[in-house]
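Residue numbers (our numbering): -8 to 343.
Read the structure below first, then the notes.
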Ligand code: AMP
Ligand code: MG
């Protein structure tokens, strides 16, 4: 299939492009589009064939459900069985449109293909203006996982989408680099106390401020792996984001981390290996690896989140043999960043 790649300006969205993107979706085809979190791979959420095509294009296991994206609050009610919980309405008030996904019992309107066979549906209303306009042009309900091949880092710019999906989808909307760079926070409302299934830009503290009591799925905490606790969101169970080269996170006091990473780098370089490191901007000049990635400042951890997935992709094209990373347990987005970084590292962590 020939993939059409269309540049769009999020401020002034080209009506012709929007119309043809909408027509592709209504005919059962696929369009990748920018959101404020990462690029999504969109199909008609109410069309089971479109959802099947999404799984096929990504090589995604079909038991890993898709998030349904809406652009209008009135489109939530038809998806949700029974009343929308009051706490969910509160969160929608505070954080929609935005990087928050909520899980509800689903109605029959949502095909089992879209929900990965689950009786529940995940719903999000993105704030990116191009995403909202595209969803509306396409009929209001877009099923969209991240627009990467299954297992690869999520795409934060159109070039990443082209790398993974060129020839596999009808159209890619290129809206430039995304704002946040990590996928949405997922909150499950199917139990009395809301529970975070995936950390993201909307943090536990922000949710607690609005809701009071909020729990975190024990399956996504760092000790879950060794204790064999399964995450509740199917997608959190899969290996994800891993670069081709092995990645190790080095934890500990700053000076010791720098010394240990430099010692490891030297050791691998002496074996003829090409080394890469992922470090905070504050320490950049102190590392001696072949490729040193400046992940951004610890005091502005949103920049670290933004850099994470593209850094992981770049290591592949740079032919790096071995990667070491500082730990980024920053106060604001640390949970979300470390959740992705630990997965990318296959939970390989050493103490300096
Ligand atoms: P992605 O869109 O690629 O970020 O993946 C969507 C994530 O949402 C995956 O981790 C899914 O497992 C999760 N998800 C979607 N729907 C549900 C649901 N009904 N229950 C639990 N997790 C879900
Ligand atoms: Mg994904």
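For glycine and all other residues, C-beta sits at the position ideal for the given N, C-alpha and C.
query	result
Per DSSP, the bridge partner or partners of residue 268	283, 315
Rounded C-alpha distance that separates residue 110 from residue 97	6 Å
Contact check, residue 136 vs residue 211, beta carbons under 8 Å	no
Endpoints, alpha helix (DSSP H) assigned at residue 251	245 to 261
Ligand 1 heavy atom lying under 7 Å from the CB of residue 93	no
Cross-strand partners of residue -5 (DSSP beta bridge)	162
Where the alpha helix (DSSP H) containing residue 43 begins and where it ends	39 to 49
Candidates 332, 80, 145: closest to residue 115 by CA position	80
Whole-angstrom distance between residue 15 and residue 246, CA atom to CA atom	54 Å
heavy atom of ligand 2 below 7 Å from residue 226 C-beta	yes
Three-pair Cβ contact test at 8 Å for the stretch 283 to 297 versus the stretch 248 to 259	no
As assigned by DSSP and simplified to three states, the class of residue 147	coil
Own chain partners of residue 228 with C-beta closer than 7 Å, once the 5 adjacent residues on each side are dropped	221, 222
Cβ of residue 4 within 8 Å of any chain D Cβ	In the structure shown, chain D does not exist; there is a single protein chain.
Closest residue to residue 309 among 280, 335, 322 (Cα-Cα distance)	280
Residue 162 vs residue 18 beta-carbon contact at 8 Å	no
CB contact flag (residue 343, residue 241, <8 Å)	yes
Residue 22 CB to nearest heavy atom of ligand 1 below 7 Å	no
beta-carbon residue 230 near ligand 1 non-hydrogen atom, thresh 7 Å	no
Inter-residue Cα distance where the pair is residue 45 and residue 7	24 Å
Rounded straight-line distance, which links the Cα of residue 51 to that of residue 141	5 Å
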